[in-house]
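Anchor point for the sequence shown: position 5 equals 5 in the working numbering, and the numbering is continuous, going up by one each time. Encoded as structure tokens, the structure appears first; notes follow it.
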Amino acid sequence: MSLEKHDLHHDFPEYDQAIHALKLGDSHFAIMFAQYHDIDHEVHRIETGVENTSDAYLEQRKKERLRLKDELYTRLRAWAG
Numbered sequence: 001m002s003l004e005k006h007d008l009h010h011d012f013p014e015y016d017q018a019i020h021a022l023k024l025g026d027s028h029f030a031i032m033f034a035q036y037h038d039i040d041h042e043v044h045r046i047e048t049g050v051e052n053t054s055d056a057y058l059e060q061r062k063k064e065r066l067r068l069k070d071e072l073y074t075r076l077r078a079w080a081g
């Protein structure tokens with residue numbers, strides 16, 4: 001089990017400027033970014049044992065995190081051109 005966080009700034013350092021610009025200029029991106037951050041934080045707390053939950057719930061949250069990450073990455077690539 002991986003216990004590392006999946007912060008977008010660390011996963012996509014080449015898009016650091018795009019992340020910043022889109023968080024400020026695209027409200028939909030900013031909402032998705034916040035949702036991604038919240039889910040990533042929750043998954044990390046579960047994986048480190050701070051919170052307890054079912055395996056099914058954890059897997060559902062991981063899938064939602066991945067779905068958001070894919071959408072965010074698509075927007076980052078489009079912004080960067």
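From the three backbone atoms N, C-alpha and C, an ideal C-beta is built for every residue, glycine too. None of the values given here were measured: they were computed from a predicted structure.
L76 places its beta carbon less than 9 angstroms from that of A18. Annotated as distal: L72 and L24, with beta-carbon spacing of 9 angstroms or more.
Taking a 10 Å sphere around the C-beta of I31, we find fewer than 16 other C-beta atoms and assign the residue as exposed.
Around the beta-carbon of D40, 16 or more other beta-carbon atoms lie within 10 Å, marking it buried. At least 9 angstroms separates the beta-carbon of Y36 from that of K62.
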